[in-house]
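Take the sequence shown: its letter number 133 is residue 312 in the working numbering, and every next letter is one higher. Using N, Cα and C, we set each Cβ at its ideal position, and we do this for glycine too.
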Amino acid sequence: MQLSRGSRDYGSILLGSADESSVVQRVRIQTLMTASIVVANLVGALVAVALAAVGIPQPSVFQSELWWVNFIAVPVYIAVAFVVGIGWGTVVITRDLRWAIRGLQPTERDARRTMRASWRLTRMQGLLWGGATVMFTLMYGIVDPELIPKTLFVVAMSGVVVVAISHLLIEFTLRPVAADLLSAGYRRRKRSGVRSRSVVSWIIGSAIPIVGILLVVGFGLSRAETSKLDVFIGVTVLGLTALFTGLLLTLLTSLSITGPIRSVRSGMNRVRAGDLQADLVVYDGTELGDLQVGFNTMVSGLREREHMRDVFGRHVGRDVAAAALASDPELGGSERVVATMFVDVIGSTTLAAQRTPAQVVEILNRFFAVIVAAVDAERGLVNKFEGDAVLAIFGAPIGLDDPAGAALSAARRIAAELVNEVPELKAGIGVGYGPVVAGNVGAIERFEYTVIGDPVNESARLSELAKRDPRRPLGSGRAIDAAAATEASCWEQQETVELRGRTATTVVYAAVIDPPD
């Protein structure tokens, strides 16, 4: 599923967007991979030169007998190592990421190979530097055996720095591929972890240079020709090297940590702004990836909750839903003074006999849409859809200053709009007013919000009476008396009748119809 995300999907603009094509992503990954290997080895070479020439000046590697090592063997090996490293890395990446390049779903075998790709590339760098350590130690040692410990330490330390930097950069470069694997359900069995990254950075950036400083001091004590200045320079260079490599590795490690954290923070800001589609790309296989997964799970739960709230509101009304979610609903209710409106279709049996069920549903939906719009405009509640009839309440659960006026206004609007919007149907509309009990009725396992009282029966009987002339809704005298003067002036008294099922008489008012032009 493609989600709309920003240009920092993977924690860095260098890695592009999740929406870009597989071809562009492949070129981007290969370019960054090559650059990572070159940068890591360049840093290692600079560290080796600095340590060999200045950090540990004695014994010197610039002896005349070592010309063939310094100017032939070392340059040739470095050039070959670069070519082999980049070529080997390209072959490994192309083979292990074949599924991603072709846009396929990864298999178990693909997932295992891809998860090991960064370590395989890191081991490749380790092998090349391990070979350099053995070869250069032997070459320098043949000419001057005293160079063996120095060469071994300098090349090995530089190689460890290269391996650490390479691993962090390669993991960074492979984030898009890791994201695809994690989204497909594959996770690392053994995760490196944030703590492991920090410990490795400390070992390489601090512990190893400290060992180098101890060796420099040891060389100074064991060699009479080593001056205090040589020791000072060596310790200074190693200290600066430790500062540089430590800072570099700390920055790379912190970027690998802060990237997922920034993505979660950005997602939280989007959720706070109301965007519940703020899913994150999960690209980290450590505990930080669990944090990203947890955020996505939370957002998914919020979406589900909002969907349930929306569906709940559509079924029972927004105000009823809000009141139910704000407190623990319970059976029973309270006495309220409300206005009720009952709308009943005329000739629904004939309509069903003359049209297909699908056509009847389509007409009824247009009919109900007119009623819902009019009731919502007056801040009322559509309480029930009873087949082809509707009961609406004004004044509960949300109180209104003029519930009678709101109900009467909605009734006039419905009568006027049904003529144009649903010409196939005609309906009688009645409005009642008075005290009711409003609350939850049913069983504790299943109940509904409704109102019970004489105004409900009164409005239902008035709707039957209104079927004589569907253009003119009918309202009770109590509703007209309770309404504001502006709305009451739109109604005129018709008769006084005893409605079916009631013992008291009802003064009936009908809406005034504007005279035709």
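For this session: Note down the Cα distance separating residue 272 from residue 414, rounded to an integer number of angstroms.
Result: Locating residue 272 in the sequence shown gives position 93, where the first residue counts as 1. Locating residue 414 in the sequence shown gives position 235, where the first residue counts as 1. Near 40 Å, if we compare the C-alpha coordinates of residue 414 and residue 272.
For this session: Over the uninterrupted beta strand (DSSP E) stretch that includes residue 568, give me the two end residues.
Result: Along the sequence shown, read from residue 1 onward, the residue named residue 568 stands at position 389. First-last of the beta strand (DSSP E) with residue 568: 568 to 573.
Problem set entry | DSSP three-state assignment for residue 456, whether helix, strand or coil | Against the sequence shown, residue 456 aligns to sequence position 277. If DSSP states are grouped into helix, strand and coil, residue 456 belongs with coil.
For this session: Ignore the nearest five residues each way along the sequence and tell me which others in residue 213's own chain have a CB closer than 7 Å to its CB.
Result: What you label residue 213 is simply residue 34 of the sequence shown in a count that begins at 1. Hits under 7 Å: 265.
Problem set entry | Own chain residues within Cβ distance below 8 Å of residue 683, not counting five before or after | Numbered from its first residue, the sequence shown carries residue 683 at position 504. 677.
Problem set entry | CA-to-CA distance, residue 216 to residue 305, given in whole angstroms | Sequence index remark: in the sequence shown, residue 305 carries index 126 (1-based). Sequence index remark: in the sequence shown, residue 216 carries index 37 (1-based). Roughly 12 Å separates the two Cα atoms.
For this session: Using beta-carbon positions only, say whether residue 601 and residue 542 come within less than 8 Å of one another.
Result: Translated into the one-based positions of the sequence shown, residue 601 becomes position 422. Translated into the one-based positions of the sequence shown, residue 542 becomes position 363. In contact: residue 601 and residue 542 (Cβ atoms closer than 8 Å).
For this session: My understanding is that residue 639 touches residue 521, with C-beta atoms under 8 Å, so please give their C-beta distance in whole angstroms.
Result: Locating residue 639 in the sequence shown gives position 460, counting from the first residue. Locating residue 521 in the sequence shown gives position 342, counting from the first residue. That belief holds up - the Cβ atoms of residue 639 and residue 521 are roughly 5 Å apart, short of 8 Å.
Exercise. Roughly how many whole angstroms lie between the Cα atoms of residue 457 and residue 229?
Worked result: Along the sequence shown, one-based indexing puts residue 457 at 278. Along the sequence shown, one-based indexing puts residue 229 at 50. Near 48 Å, if we compare the C-alpha coordinates of residue 229 and residue 457.
Problem set entry | the region 568 to 581 touching the region 513 to 527, judged by at least three CB pairs closer than 8 Å | yes
Exercise. Grouping DSSP H, G and I as helix and E and B as strand, with all else coil, what is residue 688?
Worked result: Position 509 of the sequence shown, counted from the start, is the residue given in the question as residue 688. Here residue 688 sits in strand by DSSP.
For this session: Would you identify the three-state DSSP class for residue 610, choosing helix, strand or coil?
Result: Working through the sequence shown from its first residue, we reach residue 610 at position 431. In the structure shown, residue 610 sits in a strand (DSSP, three-state: E or B).
Problem set entry | Three-state class that DSSP yields for residue 646 in the structure shown | Walking along the sequence shown from the start, residue 646 turns up at place 467. Three-state DSSP puts residue 646 in coil, outside helix and strand.
Problem set entry | the region 649 to 667 touching the region 546 to 559, judged by at least three CB pairs closer than 8 Å | no
Exercise. Relative to the alpha-carbon of residue 222, which residue among 308, 269, 667 has its alpha-carbon at the smallest distance?
Worked result: Here residue 222 is taken as the residue at index 43 of the sequence shown, counted from 1. The candidate whose alpha carbon is nearest that of residue 222 is 308.
Exercise. So what does DSSP say about residue 242, is it helix, strand or coil?
Worked result: Taking the first residue of the sequence shown as position 1, residue 242 is located at position 63. In this structure, residue 242 counts as coil in the three-state DSSP scheme.
Exercise. Between the region 576 to 583 and the region 655 to 675, do three or more beta carbon pairs fall short of 8 Å?
Worked result: yes
Problem set entry | Residues near residue 643 in its chain [Cβ-Cβ closer than 8 Å; skip 5 each side] | By one-based count along the sequence shown, residue 643 stands at place 464. Excluding sequence neighbours, residue 643 sits near 523, 607, 609, 679.
For this session: Have a look at 605, 630, 617 and flag the residue whose alpha-carbon is nearest the alpha-carbon of residue 647.
Result: Locating residue 647 in the sequence shown gives position 468, where the first residue counts as 1. Closest option to residue 647, Cα to Cα, is 605.
Exercise. For the region 539 to 607, which segments carrying the beta strand (DSSP E) assignment without a break, of at least 3 residues, lie completely within its bounds, in sequence order?
Worked result: 560 to 565, 568 to 573
Exercise. From which residue to which residue does the beta strand (DSSP E) around residue 676 run?
Worked result: For the purposes of this step, residue 676 is taken as residue 497 along the sequence shown, with counting starting at 1. Note, residue 676: beta strand (DSSP E), 670 to 676.
Problem set entry | For residue 252, three-class secondary structure by DSSP | To locate residue 252, count along the sequence shown from 1; it is residue 73. Three-state DSSP puts residue 252 in a helix.
Exercise. Taking the alpha-carbon positions, what's the residue 689 to residue 618 distance?
Worked result: Here the question's residue 689 lines up with position 510 in the sequence shown. Here the question's residue 618 lines up with position 439 in the sequence shown. Roughly 30 Å separates the two Cα atoms.
For this session: Compute the distance between the beta-carbons of residue 586 and residue 573, then report whether it is under 8 Å.
Result: Residue 586 sits at position 407 when you count from the first residue of the sequence shown. Residue 573 sits at position 394 when you count from the first residue of the sequence shown. Against a cut-off of 8 Å, the Cβ pair of residue 573 and residue 586 comes out as a contact.
Exercise. If you run the structure through DSSP and keep just helix, strand and coil, what is residue 627?
Worked result: Here residue 627 refers to the residue found at position 448 when the sequence shown is read from its first residue. Of the three classes helix, strand and coil, the one that applies to residue 627 here is strand, per DSSP.
Problem set entry | Enclosing beta strand (DSSP E) for residue 680 [first to last residue] | For the purposes of this step, residue 680 is taken as residue 501 along the sequence shown, with counting starting at 1. Unbroken run through residue 680: none, as it is neither H nor E.
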